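Heads up, the sequence shown is in UniProt numbering, so the first residue is 1 and it goes up one at a time. The beta-carbon is built from N, C-alpha and C at its ideal position, and this holds for glycine as well. Nothing here was measured: the structure is a model prediction, and the numbers come from that model. Take a look at the structure below.
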Amino acid sequence: MKIRKATSKDFKDMLNIWKECISTTCEFLTTSEIDREVEVLEQKYFNIPETKCFVQVVDDKNVGFACIRDKELLFSPVLPSFFGKGLGEAMVKYLFENHDIDTAYVYCSDMHSLAFYTALGFIIDDRIDDIFFDNRYKLNRLKLSISPKEAAERIAAKKKSS
């Protein structure tokens with residue numbers, strides 16, 4: 001698995017990854033809401049300098065990505081066929097080590113993602129309106145309860161013990 005900066009050539013894959021992941025983890029979203037999110041994602045987050053995006057590549061195929069702004073992790077979807085293989089942890093560890101992220105966001109109803117982030121050391125800081133897609137669903141703003149360095153070390157230790 002390799003992590004690299006995303007380019008415009010990756011955007012189509014990233015949109016497909018988003019759609020597959022969100023369709024699996026956010027069953028409360030309708031098909032039209034998911035389609036709208038895909039449109040907004042490309043227009044509002046992929047093409048602006050304030051947002052940095054990275055892709056995860058396995059066997060020359062993009063299987064996950066993350067977008068950050070400052071120390072905020074905005075999105076980090078992985079193809080559902082790669083769930084449970086450590087790719088999400090690898091991406092977040094990379095972001096801890098290289099970008100000191102300390103904030104993440106998940107839909108309040110997305111228990112899959114909430115469990116993932118809390119296992120990495122995030123805690124719920126606040127419940128807020130959707131700041132990304134302007135839909136009716138609330139978000140949990142998560143804050144890291146330990147330093148990014150400690151969180152990265154925790155992931156590394158977990159990987160060694162498994």
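Contact check for SER76 against GLY88 passes: the beta carbons are separated by less than 8 Å. Going by beta carbons, TYR105 and LEU144 fall outside the 8 Å limit. Just measuring C-alpha positions, the residue of GLY64, PRO80 and SER8 sitting nearest SER23 is PRO80. In the DSSP assignment, ASP125 falls within the unbroken beta strand (DSSP E) covering 122-129. CA-CA distance, ALA157 to GLU72, rounds to 24 Å. Excluding residues up to 5 positions away in sequence, GLY88 lie with their Cβ nearer than 7 Å to the Cβ of PHE116 in the same chain. Within the UniProt domain "N-acetyltransferase" (1-143), the runs of alpha helix (DSSP H) at least 4 residues long that lie entirely inside it are, in chain order, 11-25, 31-41, 87-99 and 111-119.
For ILE155, the uninterrupted alpha helix (DSSP H) segment begins and ends at 148-161.
The stretch 49-67 and the stretch 14-33 touch, with no fewer than 3 CB-CB distances between them shorter than 8 Å. LYS149 and MET91 have their C-alpha atoms some 14 Å from each other.
Taking a contact as a CB-CB distance under 8 Å, the pair ARG141 and ASP129 does not count as one, their CB atoms being some 11 Å apart.
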